[in-house]
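Asker: Chains as they are written, first to last, in the numbering used here: chain A, 43 to 707; chain B, 43 to 707; chain C, 43 to 707.
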Amino acid sequence: MPSLDDATRGRVLFGGDYNPEQWPEETWPEDVRLMKEARVTSVTLGVFSWARLEPRPGARDFGWLDRLMDLMAANGIGVVLATPTASPPPWMGSRHPETLPRDEDGRIVWWGSRQQFCPSSPVYRAYAAALTQDLAARYGGHPALRMWHINNEYCTHCWCDETARHFRDWLRARHGTLDALNESWGTAFWSQRYDSWDEIIPPRRAQYLRNPGHTLDFRRFTSDALLECYTAERDIVVWHTPDTPVTSNFMPLWSGQDGWGWAEREDVVSVDIYPDPRDPYGGQYNAMLGDLTRSQARGPWVLMEQAAGPVNWRGVNHPKPAGLNRLQSWQSVARGADAVCYFQWRQSRQGAEKFHSGMLSHAGEQGRTFREIKRIGAELARLGPEMAGTHTADEIALLHDWDSWWADQQDGRLSSRLDYPEVLRAWHRALWESNLRTGFARPDHDLSAYRLVVVPHLYLLTDTAIDNLVRYVRDGGTLVSGFLTGVADEDDRVREGGMDARLRELFGIGTVHEWWPLDADETVECDGFRATLWSEELEVSTGETVASYTSGELAGLPAVLRNGRAWYVSTLPEPEALRALLARVAESAGVRPVLEGLPDGVEAVRRGGLLFLFNHGAKDVTVATGGPYRELLGDRAVDGSVELGRHGVAILREPNHSATESPNH
Amino acid sequence: MPSLDDATRGRVLFGGDYNPEQWPEETWPEDVRLMKEARVTSVTLGVFSWARLEPRPGARDFGWLDRLMDLMAANGIGVVLATPTASPPPWMGSRHPETLPRDEDGRIVWWGSRQQFCPSSPVYRAYAAALTQDLAARYGGHPALRMWHINNEYCTHCWCDETARHFRDWLRARHGTLDALNESWGTAFWSQRYDSWDEIIPPRRAQYLRNPGHTLDFRRFTSDALLECYTAERDIVVWHTPDTPVTSNFMPLWSGQDGWGWAEREDVVSVDIYPDPRDPYGGQYNAMLGDLTRSQARGPWVLMEQAAGPVNWRGVNHPKPAGLNRLQSWQSVARGADAVCYFQWRQSRQGAEKFHSGMLSHAGEQGRTFREIKRIGAELARLGPEMAGTHTADEIALLHDWDSWWADQQDGRLSSRLDYPEVLRAWHRALWESNLRTGFARPDHDLSAYRLVVVPHLYLLTDTAIDNLVRYVRDGGTLVSGFLTGVADEDDRVREGGMDARLRELFGIGTVHEWWPLDADETVECDGFRATLWSEELEVSTGETVASYTSGELAGLPAVLRNGRAWYVSTLPEPEALRALLARVAESAGVRPVLEGLPDGVEAVRRGGLLFLFNHGAKDVTVATGGPYRELLGDRAVDGSVELGRHGVAILREPNHSATESPNH
Amino acid sequence: MPSLDDATRGRVLFGGDYNPEQWPEETWPEDVRLMKEARVTSVTLGVFSWARLEPRPGARDFGWLDRLMDLMAANGIGVVLATPTASPPPWMGSRHPETLPRDEDGRIVWWGSRQQFCPSSPVYRAYAAALTQDLAARYGGHPALRMWHINNEYCTHCWCDETARHFRDWLRARHGTLDALNESWGTAFWSQRYDSWDEIIPPRRAQYLRNPGHTLDFRRFTSDALLECYTAERDIVVWHTPDTPVTSNFMPLWSGQDGWGWAEREDVVSVDIYPDPRDPYGGQYNAMLGDLTRSQARGPWVLMEQAAGPVNWRGVNHPKPAGLNRLQSWQSVARGADAVCYFQWRQSRQGAEKFHSGMLSHAGEQGRTFREIKRIGAELARLGPEMAGTHTADEIALLHDWDSWWADQQDGRLSSRLDYPEVLRAWHRALWESNLRTGFARPDHDLSAYRLVVVPHLYLLTDTAIDNLVRYVRDGGTLVSGFLTGVADEDDRVREGGMDARLRELFGIGTVHEWWPLDADETVECDGFRATLWSEELEVSTGETVASYTSGELAGLPAVLRNGRAWYVSTLPEPEALRALLARVAESAGVRPVLEGLPDGVEAVRRGGLLFLFNHGAKDVTVATGGPYRELLGDRAVDGSVELGRHGVAILREPNHSATESPNH
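Written out as C-alpha cells, the structure is:
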C-alpha cells in the first residue's frame, strides 16, 4: 500500500492548488520562477478543470495539462493531480437536469457555482468515472505525479427522487426487512409506519418535527453515498497506479462525512484548515484539527489547504497579521503534518474567490504575503527533512464520533444551544491550554494504549462502545466524561433510565431524574467554579461527589462525580475550571504536560526529537525551557530559556529523542 | 345532548394520552399497575394510530385496540377514544400526492412528521370518514368508552389548487356575487379586481403586500375548512353514540381556529396548555387559558394535555421544578377544569417526542416526576368529587375575537411590534395580579350579566359588536377599552375617522389625528406612569382626561380618557400601572378582588364553595385568610392565616357556599 | 423636446396620486372641493387602473376616466396620466401563467399584490402596449393632460425561462461571442465554461458562491429589460403627443435601475422620497435624494411621491410631527424640485396601503394632516412662481455609479458590512453638515465644470472613468476618494496590484498589501480621529501622509494620503472627522459653504436668487444671515438674523441674484 512517504520523499511538502487555466500561458514561466523562489515542492492541479478537460460531453482536451505536467517535472515540482469531479461543467446540468441536486424544500440547485451534482446520480457517476479513467491512463506514469486528489471537499447533499431510490437500497442493506426498519425508527409514533419500501423518501420539508431515526439514517446514507463516489474514482486510479497514494481533502471537522470511515479508505489523510485570524483561540483550533487529522491518519498527514491571508466566505474577511501564517504552518508540522499547502498559488483575478488570498496575492511579489511565503518555504526546505515521517504517539484520546454528532442535531432535542463541535472544542481547549497533547479516537477503537480517555459529550453510544469504555476502565484506564453521554443507542432510542445502566454503574450514578439545559445567559455556580450550557439532576449511587451545584434548582446536588478512575462532569465548567479539572484528572492518570509553567498563550509540542514552542499571545515572552538545546530556526544554542515575540516560533532539538518517537510510526 | 358529566361521572379525571402501540404488549400490564398506583382514571387512546389501524388502504387491524379497550375496562380506567386522523400514514401521501399540503411558496409538505393533509382534500376526508365510521361502529358500545376525541390539535393550512377550489366555494357562499367580493376586498386598489371566480387563489407568495381582505377571508376559510373536517367526523360518532360527549383538543390561544365557533360545536371543550417553566408569569398564562376555556365551555372543561416535566419543542427545554406540576394542575381545577391530563402516560423512547416528558419519565417509577404524579393523583382522587361539575359565574368579561386577531396580523399594518396575544395577556395579567377573576367573551355575546367588560384591543369590530358595547354601557355596564379598537369593519375597511363614530362618542373622543406606535426600546411618560408599544394623537370631545402624555410628540395630549362608565386607554401602561388602572375601573364597577392584601405572587380563586390559594412566588409566605376554614389538602383546621411554601397550594372550604355557585351551571 | 416647463407652466406643482376608482363617484365633487381648498394643481391618474380600464382581455372601460379628465379640466387641475402597466389584473396571470415572475429559487410570484409581471414576457409587453396605445390615442389631446407617467416604480426581477432566453440575447449583443463571454466572466474558475449559449441561465439558487461576472451582467440586463418596457410605452405616447413630457417615477436610490441611463431617456426626472420621520438625519436623506435627482435631471425635477404622514411598510410606521411635512417639502423645492406631490390624495380605506397616509387622512378635513397640507399648498401657490424653472449649478460633484454598486454587492466579497448606499450617505452627510451643496455625477461624465470631485467609494471603475479622473486632476481639479476604489475593471476583474496603477500613481500609493475590513463593533484610531468599517495596508510612494493609523494591526501606516490635488482616505472617519476632512479639502479647492457659522442642524441652500434656511434640529435657533433680506414666507423684512423654531423654514430674497442662476438652465 502506498503511503505519504511516497509523495513527500523525505521532505515536508510546500505548495498549493495551482489553477493555471485561469491565466494566459505566458504566465506559467513566471509562476515557475516564483515557485522556485518560494521553494515550492508540490502543486495540486486540475481540481476544477472538468470544463477545460471535457468541454462538451465526451470531448477531451489534455494538451494544456500535458504541457503543465511536463513543466512541473522539468522544474522538479511534484504534482498532486485531482480528479475534477467536484464541479461538473454547465453542459451536465443543462443536458442532464436529473443530475442537479434538490434541497429539502424541493428546490433545484443550479449550475453557476460548483458542486451541483446529486451524489446518487448514475449519469454523474458515469461521466466522472470516464474522465477519471482517461486522466489516470494518461498521467499514471508521469514523472511529476506524486499523489491523487479525488474530487474536492465532498459536501453535496440531495433530497431528489434519484436519491430516494438510492436511499431505499441503502436502507434495505442496513435493515434487511421493512419491519426491522419500522422498529429501528420507532414509526409506531405519530403513525409513521411504512408499509412498502416505495413509501420511503429522504426527510423532506414537513409540517413539524421529523422522525429522528429517519434523519439519522439519512445522514449516514449521505456520507456513504459520497463515499461511494470517492471509492469509485479511487478504484480507477489505483488500478492504473497501485503505488501512488490517494487522498481526498476533508473540510475541517465537517458534519457531512464520517471522517473515521473515510480515513480508512485513504492512503493519505488530508484536510483544509482555515482558522479565523480574529479568533483569539485560532491556535487551539488549528491544533485541534491537526490532532484529529493525525489520529485519522495514524501518523503524518497533509495540510492540503490553508490561506496565506484572508478568505472570502466570512461575513468580514480579515487578513493574517504578519507572522500568523508562519506560526500556524509550523504548528501544523509540530502536530504531525508532512505537507504545508495553500489554496491557492496565485490569487484569482476573476470568479467567486478573487478575494480569497493566494500565496502570490494581488499585491504580487512585492507584497507582504509573498515575502512571508518565501520565508516559510525556505525554513521548511531547510528543516523539513528532519521532521518528515516522524510520529509521536498520544497518551490521551479524546473521543469523537460523527454518528453521535448526527444524532445530537435533530428536531425535538433537549436544547438547541447544545452545539456538538463547540463542546468538543471547549474540552480540547482545556487540554491544549495545559499543554496536554491529545489524539482523537472513536469510542469503539482499541483504547488500551492510552493513559487517559476523555469523552466531552457522546449522546449516542453503541453497546460495543459502552462495553469498550467499561472494559478500558476495568483494565486500569482513566476515563472522564462530560454530560449527556450514553443516552441513546445506535437507533437513537433512549436507553432505559435515560442513561445506559452500565455507564451509570461505571460513574456511580443511581437515577438520572431530569436534564436541565441552561439558557443563553444562564450560569450555574458549583463548588469553586461556575458553569454554563448544561446541568443534570442526578442521584448518586456509589459515586463520590467531587463538586456540587451551589445555585439554581439543583443546589446541593452533585455536579462532578468520581467513581474510582471514572469521572463524570454533568455540566460545562467555564474554561479555567475545565482546564483545572482535566489537569487534575490527567495527573491522576499519570499524564504530564509537555512543559510546565509556560506563560499564557505559549504552546509546547513534541514531534520526534524536537520541541516546538509557539507564542499565540500578543506580547513578547520568555519561556523557561531548561537546556541545553539547539534552536533550529535561528540555528543558535539555547540554554535555560528562549525569547518569543508575538507569533514567535522556536524549534529546539532535544539532546536525546524520546522513546515514543519513530519514523513512519 | 351529552356533557362532560357523562365522562367524569362526578370525579375530576386524571390521566393522559396513552400510546401503547409503541411498546411491546408485555409492557401493558405494568402500565396498568402503575396507572392504578397513580390513581389514573382516564386514558386517551388512538390519537396517532392510523397507520396501525389501517396499515394499507382499506385494511383494518383492530385486535390490539380491542385488547386495550378490554384491559382498561377491566381495570376501571375510562377511555377517551380518538379518531386518528391527525396523522395520515405514509401510504396516503405516497398513493395520493394531492392530499399533501402546499405552503404559500408552493412547496410540498411531505410525510415523515405528522399532519400532512390538506383539509380541503376529498380523498383525505373520505379515508378519514371511513375509518371513523368503523371505529365508532366497533367501540361505540364499549364499556370503557367515555368520550370521543376528534383528530388532534387541528392546525394544518394549505395553499394548493384543491384548496383554491374549496376557497372559491366558500367565497361564493359568503359573498354571493363577484361584485360583492370585489367590493368587500377593495380590489379597486392596485388593479386587483377579479373578473371570474376562477381567478381567485389562496394568498400565495407575491411581489409585495397582499390584499388584507383576501388574506382575512382566507384565515376565516381555513378555520372553517378545518371545522368541516371536525364536524364530518363528529357527525359519524354522534350517529353511533348520541349519548357520548365529543371534543377536539385546542392548542392554547392558537390563531388558526375560531375558538368561539368551534366550541359551539363541541359537547366538551378541551385544551392543551404548556406554560414555560421559566416564565415568571407561567401561573398567569395557565390561569388565562383556563379562563378562556371555561368561557368557551360555559362551565367545566378538560385540560386534555399538559406536561409532567419538560416539552421538546422550545429552543431550550426546561424541566418543571418540584411542585410546579402540582401547583398548575390544581390551578386548572380551581379555574374550572374537571380533568387533569397529560401528554403522555409513558415517555417515548423513540420518535420526535422522546424528550417530551411523560407521567412516567425515562427515570421510571423511581423518578421524581412519577412520585409527583402519584401525589397529584391521590389528591385529586380524594378531593375531586367535591369540585367536579361546579361552576362559578364571572363578573368580568375580557373580550377576545379571532376575527380581530386575524385582521390585526396583516401585511402593511401600523406596527409589526403589535402582538395581539401579548396585549391580551398584558391586560389579563393586570386583572390576575389583582385577584380579579375574569371570563372571556366575544364582542357580540350577551354581556348583560357582567359588571365590567374589558377590551384590551379589538382592531376589527362589526356593527353588531359596536352596538352591543354601546348598549351595554347605556344599560349600566362599565367598559374599559385599550388602544386601536373599533378601527376596521367586518371587511377590514377602515371606518370613517379612523375609529367608529359610535365608539368615539362613547369614549368622548372628537378626532383621531394619528396613531403613534412606539419603537422597541421606546417608552412614553404619562401622568404618574410610563407606557410602551403604542400612543395616539386624540382630540377630546366630551371625555374627561384621566391621564395625559407628559413626554414625546404627544406631551399634553390625553392618554387615558373617561366618559362616564366608558374608559379608553390609548397606550399600554407598564404592568403595575395597568394593574392599578384596572383595579380602579373595577372598583368603580363594584367588582371586588377574591381576597385583598395578598402577598405578591399569591393567587386566590373561588370555585363553588372552595377557596384556592396558590403561591407562584419563590419565597414562603403567610396569607391572611380570615377564617375559620378547613384546609382540605392537609385536612386541617385553618384560622386567620395559612402558610404557603414555594409552589404551595391550599384549598379552604368556606363555611357557606356563595350564591354564584351551582353544579353544572 | 418637451420639458418640465410644459407641465408646470411657471408654477411649482402641488398634488398627488389620485385613485378615485376606490370611491363612489359621489365622492369626486367633494374631492374637487377639498383639492381647491388645498390649492392642488396636479393629480396623477390611472397608476393602478389596469383592471378597471381592461376588465378582461381586450375589453376597454374608459367612461369613468373620461369623466374624471373632464372634471379635472373643468376645475383647472392638471393631470399626470399614468400607463397602468405596473399591476396587471388577475386575469393576466390566470390566463397567461408564463407572465408571472419566478424568483431565484424558482418560486412563482403570484397575483394578489402588484407588479407580478416578468419584464421579459412578450405577452405582458403586448398587452401593455395595446392599452398604452388606446390611452394615448384617447387622452392625447385632452386639455387636462400635462405629463405622461409610464408604469410605476419599475422594480420587478425575474429568473424564469423566458428571462433566460432574453438574457441570452442581451449577452450575445454585449459580448458577441461565447469565448468573449467566458473570458469576461472568468469561467475558467470552478469549471464554469459555457460551451453553448443555451447553457446560460439567470443566476439561480446554487450550492455556493455564484460567479460575479454572471451576476453583474444579470443586474445590468435586468435594468435594461425594464428599460425596454419603459421605452416601448414611451415611444407610443410620444408618437401621439410629441409635445407632452414623459417620466417614470424612480424609487429613491434604488439598486435595480441604472438611474443615469434611465434619466437620459426621460423628458422629466421624477422620484419618490420617503424619509423616515424618526431618522435624525432624515433632512440629509431628503437633501441627498434631491441632489441626485437634480443631477439626473440636469435641472428642475419632480417630487412625484412623498407621504403627508406615516407610510405602511416599515416595521413601525411613525407619523410626521407637525411641521415636518412642510419642512421637507420646501427642502425639496430649495434643492430644485418644481413639483411637490404625494402618494396619495385621499387615504385608502381598503387594501394593502390603507395605513399609508394621504393628503386627506382618515381623520378627514378636520385632521391635523390636512390642515398642514392646506398651509403648504397656499405657500407654494404664492411663492412657487418665483422659483419654478430656476436652476443653480453645483460646484461639487459626488460620484455615484450603479455598475459599481452592483459589483460591490456580490457573493464572496471582502466584507458584508460594506453597504454601498450607507457609505455614499456618510460622505454626502459630511458635505451637507458643512452646507457644501453637492451634485452627483457618473465617473465618466464631463467633470470639468466642478471645483471638487468626491468619490466616496467606487469599487469598479472602467478605463474610461479612470482616465477621466486622472485628466480632471491633471487639468486642475481637486479629487478626494474613499477606500476600495478602482479595484475592479468593467468585468469585475481585479486590477493588477489590487488597485489600478494609474490611480495608485495619482494618489501616490506604491503597494496595496491587504484590505482590512473592520468588524461591527470595531473602530480604529487615527491621528486626531476615530474611524470605522474599513482600513487598508498601504505602502506610500509619492503621497504625503495626512493622517496615520495609531491603533490596531496597521498602527504607523498611512490612513489618509494627499498627492497634490488628489486625496485618498483609506478608512471611514467618524462623521465629525469626515466633515472636517472634506471641509478642509473643499477649502483647498476654493469651495465655500453657502453660509458659515450656522447652528447645528440648520441647513442653508440657495436656489436662484433665494436663500432657504431649514431648522432640522429640535430646538429654536437664531441664524445670523447678514442682510437686509425679504423673508418671503412671513412676508417680512429681515436684517442680520432670523429665528427658526423646530421644523422652521425661512426663504430670504437676496438683494442681487447670483451669476449661477438661470431660468431653465
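Where is the CB? At the ideal position from N, CA and C, for every residue including glycine.
1) Less than 6 Å between C-beta atoms, sequence neighbours within five positions excluded: which residues of the same chain meet that for E685/C?
2) Compare the beta carbon distance of Q348/C and S371/C with 9 Å and say whether it is the shorter of the two.
3) Check whether chain B comes within 9 Å of K661/C, counting only Cβ atoms and requiring the distance to be less than that.
4) Measuring alpha carbon to alpha carbon, tell me which of R94/B, D221/B, D488/B ends up nearest G105/B.
5) My understanding is that P559/C touches R410/C, with C-beta atoms under 8 Å, so please give their C-beta distance in whole angstroms.
6) Where do the ends of the alpha helix (DSSP H) carrying I278/C lie?
7) Within 9 Å (strictly less), CB to CB, does E556/A reach chain B?
8) Is the segment 573 to 585 of chain C in contact with the segment 593 to 600 of chain C, if contact means three or more CB pairs nearer than 8 Å?
9) Mind listing the chain B neighbours of E24/A? Cutoff is C-beta to C-beta under 7 Å, in chain order.
10) Within 9 Å of any Cβ in chain A, is that where the Cβ of L258/C sits?
11) Between which residues of its own chain and R261/B is the CB-CB distance below 6 Å, once the five residues before and five after are set aside?
12) What did DSSP end up calling D443/C once you bin it into helix, strand or coil?
13) For P635/B versus A625/B, is the C-beta spacing smaller than 9 Å?
14) Any contact of the segment 115 to 133 of chain A with the segment 225 to 242 of chain C, i.e. 3+ C-beta pairs under 8 Å?
15) Note down, in chain order, each residue of its chain lying with its Cβ closer than 8 Å to the Cβ of G135/B, except the 5 sequence neighbours on either side.
16) For E703/C, collect the residues of the same chain with a Cβ closer than 7 Å to its Cβ; drop the 5 residues on either side in sequence, then sort them by chain order.
17) From the DSSP secondary-structure annotation, give me the bridge partner or partners of R188/C.
18) Just confirm the distance between the C-beta atoms of N193/C and T125/C, as a whole number of angstroms; I'd bet it's less than 8 Å.
19) Nearest-angstrom Cα distance between A350/A and K396/A?
20) Alpha carbon to alpha carbon, how far is T553/B from V611/B?
21) Would the segment 508 to 521 of chain B count as touching the segment 480 to 500 of chain B if we require 3 or more Cβ pairs under 8 Å?
22) Judging by CA-CA distance, which residue of H499/C, R51/C, R180/C is the nearest neighbour of L526/C?
23) So which residues on chain C does R144/B lean against when the C-beta distance must stay under 8 Å?
24) Counting only the same chain and skipping the five closest in sequence on each side, list residues whose C-beta sits under 8 Å from that of S593/C.
25) What does the Cβ neighbour count give for T506/C, buried or exposed, with the cut at 16 atoms within 10 Å?
26) Strictly below 8 Å CB to CB, what residues from chain B border W92/C?
27) List, in order along the chain, the chain C residues whose C-beta lies closer than 7 Å to that of S457/B?
28) Determine, using beta-carbon pairs with one atom in the segment 372 to 392 of chain C and one in the segment 339 to 346 of chain C, whether at least three such pairs fall under 8 Å.
29) Determine which residues share a DSSP beta bridge with D59/C and list them.
Answerer: With the structure as the only source:
1) If we look at E685/C and ignore the five residues flanking it on each side, its Cβ neighbours are T664.
2) Against a cut-off of 9 Å, the Cβ pair of S371/C and Q348/C comes out as a contact.
3) It does not: the Cβ of K661/C has no partner Cβ on chain B nearer than 9 Å.
4) Selected option, being the one with the closest Cα: R94/B.
5) Taking a contact as a CB-CB distance under 8 Å, the pair P559/C and R410/C does not count as one, their CB atoms being some 46 Å apart.
6) Element bounds for I278/C: 254 to 282.
7) By this cut-off, E556/A is an interface position.
8) Yes, they touch.
9) Because residue 24/A is not part of the residues shown, which for chain A are 43 to 707, the question remains open.
10) It does not; no Cβ of chain A falls within 9 Å.
11) Correct list, in chain order: W448.
12) In the structure shown, D443/C sits in coil (DSSP, three-state: anything other than H, G, I, E or B).
13) P635/B is a Cβ neighbour of A625/B, given a cutoff of 9 Å.
14) Two segments are said to touch when three or more pairs of C-beta atoms, one from each, lie closer than 8 Å; by this definition the segment 115 to 133 of chain A touches the segment 225 to 242 of chain C.
15) For G135/B, where only same-chain residues beyond five positions count, the Cβ hits under 8 Å are T141, L142, W152, W153, Q158.
16) Only weak support exists for where E703/C lies, its pLDDT of 43 falling under 50; the value from the coordinates is given anyway. Spatial neighbours of E703/C in its own chain (CB-CB distance under 7 Å, excluding positions within 5 residues in sequence) are listed in chain order as T432, T434, G650, G651.
17) Paired residues: none, contrary to the question.
18) Their Cβ separation, rounded to whole angstroms, is 6 Å, which keeps N193/C and T125/C in contact under 8 Å.
19) The straight-line gap separating the alpha-carbon atoms of A350/A and K396/A is approximately 14 Å.
20) Distance from the CA of T553/B to the CA of V611/B, rounded to the nearest whole angstrom, comes to 15 Å.
21) Verdict: yes, contact present.
22) The candidate whose alpha carbon is nearest that of L526/C is H499/C.
23) Listed by position along chain C, the residues whose Cβ is nearer than 8 Å to that of R144/B form an empty set, because the closest Cβ is around 11 Å away.
24) Here the set comprises V566, E567.
25) Residue environment analysis places T506/C among the exposed positions, since fewer than 16 neighbouring C-beta atoms fall within 10 angstroms of its C-beta.
26) The contact set of W92/C on chain B, defined by CB atoms closer than 8 Å, consists of S233 in chain order.
27) Per Cβ cutoff of 7 Å: V358, N359.
28) Taking a cut-off of 8 Å on C-beta distances, the segment 372 to 392 of chain C touches the segment 339 to 346 of chain C, as three or more cross pairs fall below it.
29) For D59/C, which the question treats as bridged, DSSP gives the partners T86/C.
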